[in-house]
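With the numbering used here, the residue at position 95 of the sequence shown is 95, and numbering never jumps. Below is one structure, written out as structure tokens; the observations come after it.
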Amino acid sequence: SDPQPPAKTSLPGPPGRRRRWLGAVLALLVLALLVGGSWYLVNRSAPGARGPGGPGARGPGGPGGPAMGAVTVGQARARQSTLAINLDALGTVTPVTTVTVRPQVAGVMTEVLFTEGQMVKKGEVLARIDPRSYEQALMQAQGTRVRDEAQLQAARVTLGRYQTLQKQDSIARQEVDTQAALVKQLEGTVITDRASEASAKLNLDYTRVTSPIAGRVGLRAVDPGNYVAAGASTGIAVVTQITPIDVQFAVPQDRVPEIHERIAQGAKLEVVALDRTRAETLDTGTFLTLDNIVDTSTGTVKAKARFANAGGKLFPNQFVHAR
1 SDPQPPAKTS LPGPPGRRRR WLGAVLALLV LALLVGGSWY LVNRSAPGAR
51 GPGGPGARGP GGPGGPAMGA VTVGQARARQ STLAINLDAL GTVTPVTTVT
101 VRPQVAGVMT EVLFTEGQMV KKGEVLARID PRSYEQALMQ AQGTRVRDEA
151 QLQAARVTLG RYQTLQKQDS IARQEVDTQA ALVKQLEGTV ITDRASEASA
201 KLNLDYTRVT SPIAGRVGLR AVDPGNYVAA GASTGIAVVT QITPIDVQFA
251 VPQDRVPEIH ERIAQGAKLE VVALDRTRAE TLDTGTFLTL DNIVDTSTGT
301 VKAKARFANA GGKLFPNQFV HAR
């Protein structure tokens, strides 16, 4: 038999045509995804999309619910309150009282009874001056007073006798008047003697050098054994009052009316003393007063606040920030 001719088979198209077809399909899919994503994002952020019953409303578990990033908001009730207005200034700690203790009488200092930096009370003895010469002066004044008082007593007795004799017309009136004048003279002498005695007592008391205020005593200026003069410029020591203590600072002149208004309303303005870095609160006090003039060079008015300084964090002449 004659051999059968080979069957015809279909061959695939050229490779370039199939690649172009697949690329077109992929491009269309990517474009469809981009359009769909844009439409979803736009409709999700639309105001009516989350409104109740709106065209884009979603249920709690739906695509637009909390699980898909819903915004959480809070609520609060509006109310009126006081807003603090603060003034900041650089201040200097100033003691209420500073006293240089000076001897009132001259002499050799025999004792120094304080320790440098010690807290002392008012009237506490800080030093002693040799009292022997002042004790002798007091004894002399007392003796003079006793002598003159005795003379006065005798003159008064004599005057009484003369007055009796005058009533009997047994003595001249001139003698009576002379004796009366002598009594007056001796009375003046006794008064002078009493004043001298009191002065001698005071000088003897001054040999005990005491602190006139309560505070912290500074460095010692005179050692025992030295001769000190009355009213010496250097003094024995300086005592500074620590509690309470003041802080002095400057307020802009434009803010002075506001401060006056608050003070007139009876307000007690709180003042906070901060350290130089403004990181630590040293103490809290109360506004005290304003100066009566404006500093023309700075346009400010000096002000002062008082602090209890119970913790001792405020030190005289220390720079602080006053608020």
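Just so you know, even glycine gets a beta-carbon here, dropped at the ideal spot from N, CA and C.
- In this structure, DSSP gives Glu116 a state outside helix and strand, which the three-state scheme calls coil.
- Per DSSP, the beta-bridge partners of Gly215 are Val120.
- The beta carbon of Gly107 sits closer than 6 Å to those of Ile129, Asp130, all from its chain and outside the five residues before and after it, given in chain order.
- Annotated three-state conformation of Arg262 is helix, per DSSP.
- For Ala221, the closest alpha carbon among the candidates His260, Arg102, Val190 is that of Arg102.
- Just measuring C-alpha positions, the residue of Gln140, Glu149, Pro244, Leu83 sitting nearest Ala214 is Pro244.
- Across the structure, Glu197 and Arg147 are spaced so that their CA atoms are roughly 13 Å apart.
- By the C-beta criterion, the region 291-308 is judged to be in contact with the region 237-256, since at least 3 inter-stretch pairs fall below 8 Å.
- Between Gln118 and Val217, the CB-CB gap stays under 7 Å.
- Inclusion of Leu186 and Ala155 in the CB contact set at 7 Å is warranted, their separation being smaller than that value.
- Rounded to whole angstroms, the gap between the alpha carbons of Asp169 and Val176 is 12 Å.
- Taking a 10 Å sphere around the C-beta of Leu138, we find 16 or more other C-beta atoms and assign the residue as buried.
- Shown here, Ile171 sits in coil according to DSSP, grouped into three states, outside any helix or strand.
- Straight-line spacing of the CA atoms in His321 and Lys201 works out to 50 Å.
- When the five nearest sequence neighbours on each side are left out, no beta carbon in the same chain lies closer than 7 Å to the beta carbon of Ala264.
- Here Tyr227 is bridged, per DSSP, to Val108.
- Nearest neighbour of Ser211 by Cα position, chosen from Val239, Trp21, Leu29, Ser38, turns out to be Val239.
- Annotation for Glu135: Leu204 place their beta carbon closer than 7 Å to its own, counting only its chain and skipping 5 residues before and after.
- Here DSSP, grouped into helix, strand and coil, assigns Lys184 to helix.
- The region 270-287 makes no contact with the region 225-233; the number of CB pairs closer than 8 Å stays below 3.
- The beta carbon of Val183 is closer than 6 Å to those of Ala155, Arg156, Leu159 in its chain, skipping five residues each way along the sequence.
- Across the structure, Asn226 and Ala180 are spaced so that their CA atoms are roughly 53 Å apart.
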